[in-house]
Amino acid sequence: MKKQLLSRYASLPDGRLVIDVALDRPDDLFERFEAGAPRHTRDLAENLATYLLDCVREIGPGGFVVRFTFEELPCPELRRTISQAVAGYFQYRIGLERSGFRRTVRTSLLLAVLGIALLALNILLRPLLPEAPDLPLNLLYEGVMIAAWIALWEAVSLFSAGWFSRRRFLRSCSRLVSASLLFSGAERES
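Given below as structure tokens:
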């Protein structure tokens with residue numbers, strides 16, 4: 001199955017796979033709403049960023065390059081600007097993802113501390129309860145115990161669910177930051 005997926009990509013003589021991106025002009029790489037901003041600070045078009053990330057995940061750990069084909073080959077300065085913009089965009093996404101992960105870790109720790117505190121409170125208060133507590137007191141005790149376990153479970157699940165997907169995303173973005181970019185111009189067909 002993996003070989004079938006990878007057969008969709010051209011390859012270079014050194015074995016690296018080629019992610020091909022064909023566009024009319026360089027400005028098509030970027031979001032339209034930022035048309036006035038300098039190219040090196042603009043966001044990549046969302047569908048292009050998604051396509052590149054999907055290709056990197058599909059390729060897996062193997063080497064790759066990204067080849068941009070435009071109607072006309074961009075000048076060297078524009079190629080350098082595009083390379084900086086692509087690397088800068090994925091570096092920016094890495095920063096956002098790390099920030100989100102820090103928030104997730106903070107929330108997980110807060111839930112874990114809350115769960116442990118409720119559990120400790122429950123354990124410490126148990127000897128103070130009468131031998132045969134009435135129903136409301138027993139419900140309160142059991143409710144606090146359930147809340148403690150739910151908080152602990154949420155802490156673990158929130159952290160573990162986000163960890164693997166974020167790690168995979170960060171790895172893909174890092175690979176795109178350091179990816180080699182190739183540029184070519186397509187000849188117009190009349």
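Here the sequence shown is numbered in the UniProt record's numbering, starting from 1 and rising by one per residue. By construction, the Cβ of each residue, glycine as well, lies at the ideal position given by its N, Cα and C atoms. Bear in mind the structure is a predicted one, so any value in this text is a computation, not a measurement.
Between the Cα of G185 and the Cα atoms of L73, R57, L52 and V65, which residue gives the shortest distance? Here the question's residue 185 lines up with position 185 in the sequence shown. With distances taken between Cα atoms, G185 lies closest to L73.
Are the CB atoms of I19 and R67 nearer to each other than 8 Å? For the purposes of this step, residue 19 is taken as the residue at position 19 of the sequence shown. For the purposes of this step, residue 67 is taken as the residue at position 67 of the sequence shown. Yes, they are a contact pair.
Where do the N-terminal and C-terminal ends of the alpha helix (DSSP H) with residue 203 fall, by residue? There is no way to answer for residue 203, as the model of the chain reaches only from 1 to 190.
Could you say if the segment 168–176 and the segment 47–63 meet the contact criterion of at least three C-beta pairs nearer than 8 Å? yes
Cβ pair Y89, A45 closer than 8 Å: As a position in the sequence shown, residue 89 is number 89, starting the count at 1. As a position in the sequence shown, residue 45 is number 45, starting the count at 1. Cβ distance not < 8 Å, so Y89 and A45 don't count as in contact.
Quick check: S108 and A161, are their CB atoms within less than 8 Å of each other? Taking the sequence shown and counting its residues from 1, one reaches residue 108 at position 108. Taking the sequence shown and counting its residues from 1, one reaches residue 161 at position 161. For S108 and A161, no; Cβs fall outside 8 Å.
If you count every other CB in all the chains shown that lies within 10 Å of the CB of R93, and 16 or more means buried, which is it? Here the question's residue 93 lines up with position 93 in the sequence shown. When all chains shown are included, R93 counts as buried.
Smallest Cα separation from V144: which of E71, I116, Y9 and Q84? For the purposes of this step, residue 144 is taken as residue 144 along the sequence shown, with counting starting at 1. Among E71, I116, Y9 and Q84, the Cα nearest to that of V144 belongs to I116.
Since I believe A87 is in contact with L118 (beta carbons under 8 Å), could you give me their beta-carbon distance rounded to a whole number of angstroms? As a first step, residue 118 must be located in the sequence shown, where it is residue number 118. As a first step, residue 87 must be located in the sequence shown, where it is residue number 87. Going by Cβ atoms, the distance from L118 to A87 rounds to 47 Å, so no, they are not a contact pair.
Apply the 10 Å Cβ neighbour rule to I82 and answer buried if 16 or more other Cβ atoms are within range, or exposed otherwise. As a working mapping, residue 82 is identified with position 82 in the sequence shown. With 16 or more Cβ atoms within 10 Å of its Cβ, I82 is classed as buried.
Identify, in the order they occur along the chain, each residue of the same chain with its Cβ nearer than 7 Å to the Cβ of W153, setting aside the five sequence neighbours on each side. Within the sequence shown, the letter at position 153 stands for residue 153. Correct list: empty, nothing qualifies.
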